[in-house]
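Visitor: Before we start, here is the structure in question, set down as structure tokens.
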Amino acid sequence: MKSDIEIAKATKIQNIFDIAEKAGLQKDEVIPWGNYKAKISPAALERIKNNKNGKLILVTTINPTPRGEGKTTVTIGLAQALAKLGKKTMLGIREPSLGPIMGMKGGATGGGYSQVIPMEDINLHFTGDMHAITSAHNLLASLLDNHIHHGDAFHIDQRYIVWSRVLDISDRALRNVVVGLGGPKDGVPHSDTFAITPASEIMAILCLSKDLNDLKERLSKIIVAYTYDNKPITAKDLKGVGAMTVLLKDAIKPNLVQTIEGVPALIHGGPFANIAHGTSSLIAANMGLKLADYFVTEAGFGSELGAEKFFDIVCRTGDLKPDAAVMVVSIRALKRNGNGNDLESVRAGLSNLDKHLENISFFGVPAIVGINHFTEDKDEEIEIVENYCKSKNIPVAVLDVWQQGGEGGIELAGKLVNLIHNEPSNFHYLYDINKPIKEKIDAIAKKLYGADRVVYTVEAEKDIELCKEQGLDKLPICVAKTQYSLSDDSGLLGRPKGFKITVRKIKFSAGAGFLVPMTGKITTMPGLPAKPTSEKIDIDSKENISGLY
26 MKSDIEIAKA TKIQNIFDIA EKAGLQKDEV IPWGNYKAKI SPAALERIKN NKNGKLILVT
86 TINPTPRGEG KTTVTIGLAQ ALAKLGKKTM LGIREPSLGP IMGMKGGATG GGYSQVIPME
146 DINLHFTGDM HAITSAHNLL ASLLDNHIHH GDAFHIDQRY IVWSRVLDIS DRALRNVVVG
206 LGGPKDGVPH SDTFAITPAS EIMAILCLSK DLNDLKERLS KIIVAYTYDN KPITAKDLKG
266 VGAMTVLLKD AIKPNLVQTI EGVPALIHGG PFANIAHGTS SLIAANMGLK LADYFVTEAG
326 FGSELGAEKF FDIVCRTGDL KPDAAVMVVS IRALKRNGNG NDLESVRAGL SNLDKHLENI
386 SFFGVPAIVG INHFTEDKDE EIEIVENYCK SKNIPVAVLD VWQQGGEGGI ELAGKLVNLI
446 HNEPSNFHYL YDINKPIKEK IDAIAKKLYG ADRVVYTVEA EKDIELCKEQ GLDKLPICVA
506 KTQYSLSDDS GLLGRPKGFK ITVRKIKFSA GAGFLVPMTG KITTMPGLPA KPTSEKIDID
566 SKENISGLY
């Protein structure tokens with residue numbers, strides 16, 4: 026079979042205005058970025074705001090392998106399958122980050138015959154949103170250091186500067202740095218950190234803002250540092266909000282592209298789910314729900330990360346009600362969670378699937394299992410999963426949208442439509458945001474992860490007290506945790522028991538509107554693997570790119 030990039034290049038791509046018309050957008054609402062990409066004007070959402078919402082479908086998965094389980098590919102393939110059934114469908118996914126693209130996972134535009142295109146553009150610089158977010162974030166960091174350099178009127182305690190710098194490349198050497206070295210003209214020396222752009226609070230703010238005014242209001246609340254008497258210093262205090270908003274004026278507009286089969290796709294925002302909230306923008310979701318009868322979106326990593334944050338943060342912020350969840354399962358992920366490579370490990374790995382299905386049930390959302398078929402899968406392995414689902418009375422379908430496109434997802438799409446119409450969603454949140462911080466963290470850790478208890482370092486305890494003093498304790502929780510385990514230890518696979526979750530510290534994302542407990546060894550700046558994908562990426566004299574997948 027051809028590579029992803031070969032398939033994408035061989036596809037006859039439609040003009041973006043034709044895709045916009047198919048989606049229900051008017052020509053003057055489309056801001057073209059070349060012939061095959063576009064931004065959508067805020068005027069479109071204003072025009073359609075009274076339309077009835079379509080059905081909201083969330084695609085999630087179990088604890089994955091490092092290569093991923095094809096969740097984005099399934100999201101795209103499912104949307105194509107629904108379109109083949111005659112349903113007016115759109116999908117919403119996140120923008121790729123150059124960190125994973127140049128690191129381990131490669132591109133994030135799906136694969137095979139279930140891709141969004143033009144895949145090279147989307148995987149690389151796309152419409153510049155990542156760069157705008159990076160620039161806005163680093164402008165604020167620069168304004169903070171500039172304020173300190175020119176006299177520090179706020180008397181900032183440099184030990185409590187909490188605003189890092191960001192870069193959209195994985196680079197472990199930048200996790201802890203010292204800035205301001207060189208002499209009096211080069212700034213005031215202090216320790217600093219770098220995070221990857223998808224972990225930026227500005228990324229979260231962009232993805233949770235309802236419009237430009239909301240964006241501006243949220244930016245003003247960003248806490249960058251504290252004074253010696255624990256007074257927070259914000260972006261508003263540093264007079265950075267206007268300039269930051271200007272840098273983000275185009276980035277807040279959703280991006281419109283198409284799948285290989287011509288289904289309209291909104292790609293907007295790109296927070297990771299292990300260190301941020303892990304879903305595409307609320308604006309894109311609202312637009313897709315108003316334009317389509319079925320809107321398919323995905324949340325990063327497993328149900329305990331992206332799905333939980335989508336339900337408890339995004340849906341709460343945007344007053345959304347999911348109609349169904351698709352649980353993507355791969356045989357290789359089951360084997361990993363079963364600690365082996367045989368039929369017994371597939372059976373053992375079902376304990377992980379069982380927990381993730383239980384997690385979805387906690388939110389009252391109907392679920393269906395989609396077995397993402399890989400070429401190495403054996404019939405008897407797939408039969409084990411099918412029999413498990415039948416024993417639990419959970420609908421299940423095998424799909425091969427990578428090799429067959431939408432046609433390979435017809436069974437899943439048909440059963441999903443049937444599920445939505447016969448089992449209404451009884452969606453509700455996992456916790457009450459007005460509960461104390463530790464009770465909210467307990468709800469997530471004990472119910473969704475299966476932890477026995479949560480322990481807090483001295484630093485985390487101090488953070489909780491400061492949070493109460495600042496009046497931020499009623500915000501929802503966005504746990505930063507490894508994606509490879511239900512626990513905060515990436516080596517505990519399957520459905521571990523008797524473990525504890527350790528909260529090292531709690532970050533305050535006052536602008537985004539959530540608190541971030543940092544657990545285990547999770548870091549907001551990934552490192553590259555021993556053999557990064559970038560080693561295989563190249564371009565020839567005719568600008569033909571290879572190695573991007």
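Numbering (the numbering used here), first residue to last: 26 to 574. Where is the CB? At the ideal position from N, CA and C, for every residue including glycine.
On the DSSP bridge assignment, give the partners of L81 in chain order.
Guide: L81 is bridged to F320.
Visitor: Does the beta-carbon of G176 have 16 or more other beta-carbons within 10 angstroms, so that it is buried, or is it exposed?
Guide: Result: exposed.
Visitor: Please classify I570: does DSSP put it in a helix, a strand, or coil?
Guide: The answer is strand: DSSP assigns I570 an E or B state.
Visitor: What residues match up with L368 in a beta bridge as DSSP calls it?
Guide: Answer is none; L368 lacks a bridge partner.
Visitor: In the DSSP assignment, the beta strand (DSSP E) including Y481 goes from what residue to what residue?
Guide: Note, Y481: beta strand (DSSP E), R478 to Y481.
Visitor: Quick check on the burial criterion: 16 or more other C-beta atoms within 10 angstroms. Buried or exposed for L206?
Guide: By the 10 Å Cβ count, L206 comes out exposed.
Visitor: Look up D563 in the DSSP assignment and say whether it is helix, strand or coil.
Guide: Reduced to three states, the DSSP call for D563 is strand.
Visitor: Thinking C-beta only, is G433 closer than 8 Å to D425?
Guide: Yes, the Cβ-Cβ distance between D425 and G433 is below 8 Å.
Visitor: Mapping the DSSP letters down to three states, classify S534 as helix, strand or coil.
Guide: Three-state result, S534: strand.
Visitor: Candidates T304, I227, I230 and V187: which alpha carbon is nearest G295's?
Guide: It is T304.
Visitor: According to DSSP, is Q428 helix, strand or coil?
Guide: Reduced to three states, the DSSP call for Q428 is helix.
Visitor: Suppose you measure from the CA of E408 to the CA of P143; what does that come to, to the nearest Å?
Guide: Going from the Cα of E408 to the Cα of P143 covers about 36 Å.
Visitor: Which partner residues does T86 have in the DSSP bridge list?
Guide: T86 pairs with G327 and V353.
Visitor: Name the residue from P91, K74, T100 and R72 whose alpha carbon lies nearest to the alpha carbon of T85.
Guide: Cα-wise, what sits closest to T85 is T100.
Visitor: As a quick exercise: from W427, S566, L281 and G287, pick the residue whose alpha carbon is nearest that of Q51.
Guide: Ranking the options by Cα distance to Q51, first place goes to L281.
Visitor: Return the residue from the list S66, E31 and T90 that minimises the CA-CA distance to G577.
Guide: Residue 577 is absent from the structure shown; the chain starts at 26 and stops at 574.
Visitor: Where does S216 fall in DSSP's three states?
Guide: DSSP places S216 in strand when its eight states are reduced to three.
Visitor: In chain order, which beta strand (DSSP E) runs of at least 3 residues are fully inside the region 205-290?
Guide: Here the runs fully enclosed are 215-217, 219-221, 248-252, 257-259 and 280-284.
Visitor: For F524, name the three-state secondary structure that DSSP assigns.
Guide: Three-state result, F524: coil.
Visitor: Using the rule of at least 16 other Cβ atoms within 10 Å of the residue's Cβ for burial, across every protein chain shown, is Y138 buried or exposed?
Guide: Label assigned to Y138: buried.
Visitor: Measuring only between beta-carbons, confirm whether Y413 sits less than 8 Å from chain B.
Guide: Protein chains in the displayed structure number just one, and chain B is not present.
Visitor: Taking only three categories from DSSP, how would you classify M115?
Guide: Of the three classes helix, strand and coil, the one that applies to M115 here is strand, per DSSP.
Visitor: Alpha carbons only, please: which of I230, K403, L237 and I393 is nearest the one belonging to K415?
Guide: Closest option to K415, Cα to Cα, is I393.
Visitor: To the nearest whole angstrom, what separates the beta carbons of T259 and V271, a pair I think is in contact under 8 Å?
Guide: Their Cβ separation, rounded to whole angstroms, is 18 Å, which puts T259 and V271 out of contact at 8 Å.
Visitor: Where does L110 fall in DSSP's three states?
Guide: The answer is coil: DSSP assigns L110 none of H, G, I, E or B.
Visitor: Taking the Cβ atom as the reference point for each residue, do K96 and V354 lie within a distance shorter than 8 Å?
Guide: Against a cut-off of 8 Å, the Cβ pair of V354 and K96 comes out as no contact.
Visitor: Is it buried or exposed, G59, if we count other Cβ atoms within 10 angstroms and call 16 or more buried?
Guide: The residue in question, G59, is exposed, as its Cβ has fewer than 16 Cβ neighbours within 10 Å.
Visitor: Quick one: give me the first and last residue of the alpha helix (DSSP H) that F42 is part of.
Guide: Per DSSP, F42 belongs to the alpha helix (DSSP H) from I41 to A48.
Visitor: Cα separation between S195 and A69?
Guide: C-alpha separation (whole angstroms): 36 Å.
Visitor: I'd like the ranges of any beta strand (DSSP E) spanning at least 3 consecutive residues and lying wholly in the region 48-72.
Guide: Runs found: 55-57 and 63-65.
Visitor: Over what stretch of residues does the beta strand (DSSP E) that includes Y185 continue unbroken?
Guide: Note, Y185: beta strand (DSSP E), I181 to I186.
Visitor: Secondary structure at R200, three-state DSSP: helix, strand or coil?
Guide: In the structure shown, R200 sits in coil (DSSP, three-state: anything other than H, G, I, E or B).
Visitor: Could you check which residue in I277, Y185 and G363 has the C-alpha nearest to that of K64?
Guide: Closest option to K64, Cα to Cα, is I277.
Visitor: From L240 to G439, what distance separates their C-alpha atoms?
Guide: L240 and G439: Cα-Cα distance of roughly 39 Å.
Visitor: Determine the closest residue to L291 out of K274, M269 and K315, with distance taken between C-alpha atoms.
Guide: Nearest of K274, M269 and K315 to L291, Cα basis: K315.
Visitor: Below 8 Å between beta carbons: does that hold for L368 and E406?
Guide: Cβ distance < 8 Å, so L368 and E406 count as in contact.
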